[in-house]
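Visitor: Structure in structure tokens, see below.
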Amino acid sequence: MASNTYRAIRAKQTPSTITVYQAYSPEIAEPALKAQKFVPPFSRERMTWIKPSFLWMAYRSGWATKSRQERVLAIEITREGFEWALRHSCLSHYTPGEETSQEEWRKKLRASPVRVQWDPERDISMRSLSYRSIQIGLSGEAVGRYIDQWIISVTDVTATMRLIDGYLKIGDVQAAKGCLPEETPFALPEDLQEYLKMK
Numbered sequence: 006m007a008s009n010t011y012r013a014i015r016a017k018q019t020p021s022t023i024t025v026y027q028a029y030s031p032e033i034a035e036p037a038l039k040a041q042k043f044v045p046p047f048s049r050e051r052m053t054w055i056k057p058s059f060l061w062m063a064y065r066s067g068w069a070t071k072s073r074q075e076r077v078l079a080i081e082i083t084r085e086g087f088e089w090a091l092r093h094s095c096l097s098h099y100t101p102g103e104e105t106s107q108e109e110w111r112k113k114l115r116a117s118p119v120r121v122q123w124d125p126e127r128d129i130s131m132r133s134l135s136y137r138s139i140q141i142g143l144s145g146e147a148v149g150r151y152i153d154q155w156i157i158s159v160t161d162v163t164a165t166m167r168l169i170d171g172y173l174k175i176g177d178v179q180a181a182k183g184c185l186p187e188e189t190p191f192a193l194p195e196d197l198q199e200y201l202k203m204k
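Just so you know, the sequence shown maps onto residues 6 to 204 in my numbering.
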């Protein structure tokens, strides 16, 4: 795992791709796996959130046990698409003292096709950590780009989620950790780091 920088993107990645996670019901997951992209009943009209952190996805879905989150998908997307999303994003929460006013921030939030929020990262026991994990909400144009241009592959990682959960339930933390994907710091240009309040 990456060093614990307060705001940093840690992800499974290759030189040209980054892996993000989403959890859905079988009704959405099965067609997506067959088509290798999201198809109906997935709705392009709703905001969809992608998460580069495997453990944050585990926390959010309860290790793939929560209702309508029983299937966890690993979606490999282009780095170019991921950076496009970040460059067209607006932070989902206003921070007093920023260079823009709260009203300007609200206008930007309404106009932006992407929202970014930084939530506490989780450890394998689902405890909140002292550093943050990025969550990215896609809507409008960004959803279309995600589905039609960025996705390289869709893989079902539900079995891995449940295997790790099983190891944890019998107290075998080392075996559980051995199943985690390797996540390393995702490099971004300086200007984008500043834009996302990573510096």
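A virtual CB, placed ideally from N, CA and C, is assigned to each residue, including glycine. Keep in mind the model is a prediction, meaning the values are calculated, not measured.
#1: May I ask you to list the residues that DSSP assigns as paired with K56?
#2: Given this structure, state the Cα-to-Cα distance separating L185 from E50, to the nearest angstrom.
#3: To the nearest angstrom, report how far apart G171 and L78 are at their CA atoms.
#4: Could you pull out every residue in the same chain whose Cβ sits closer than 6 Å to the Cβ of T163, ignoring the five residues on either side in sequence?
#5: Under 7 Å, do I157 and E81 count as touching if we go by C-beta distance?
#6: Return the chain-ordered ranges of every alpha helix (DSSP H) run that is complete within the stretch 88-137 and spans a minimum of 4 residues.
#7: Would you mind working out which of M62, R137, V119 sits nearest S144, comparing C-alpha positions?
#8: May I ask you to list the residues that DSSP assigns as paired with Q140?
#9: Does the beta-carbon of P57 have 16 or more other beta-carbons within 10 angstroms, so that it is buried, or is it exposed?
#10: DSSP on A192, reduced to helix/strand/coil?
#11: Using 7 Å as the threshold, is the C-beta distance between S133 and P125 below it?
#12: Opposite A16 in the DSSP bridges: which residues?
#13: Where R1 and W123 are concerned, what is the direct C-alpha to C-alpha distance, given to the nearest angstrom?
#14: Whose C-alpha, out of L60, S138, E88, is nearest the C-alpha of I129?
#15: So, under 8 Å CB-CB, S21 and T83 are touching, yes? Tell me the CB distance rounded to an integer number of Å.
Guide: On the basis of the data shown:
#1: DSSP lists Y26 as the bridge partner or partners of K56.
#2: Their Cα atoms are separated by approximately 33 Å.
#3: Rounded to the nearest angstrom, the two C-alpha atoms are 19 Å apart.
#4: So the qualifying residues of the chain are A69, R76, V77.
#5: Closer than 7 Å, so yes.
#6: Secondary structure in the stretch 88-137: the alpha helix (DSSP H) runs of 4 residues or longer, each lying completely within the stretch, are 107-116 in chain order.
#7: Nearest Cα to S144 within the set M62, R137, V119: V119.
#8: Q122.
#9: Counting Cβ neighbours within 10 Å, P57 comes out buried, since at least 16 surround it.
#10: Of the three classes helix, strand and coil, the one that applies to A192 here is coil, per DSSP.
#11: Cβ atoms of S133 and P125: closer than 7 Å.
#12: Beta-bridge pairing links A16 to T189.
#13: Outside the displayed span of the chain (6 to 204) sits residue 1, for which this structure offers no information.
#14: Comparing Cα-Cα distances from I129 to each of L60, S138, E88, the minimum goes to L60.
#15: Going by Cβ atoms, the distance from S21 to T83 rounds to 7 Å, so yes, they are a contact pair.
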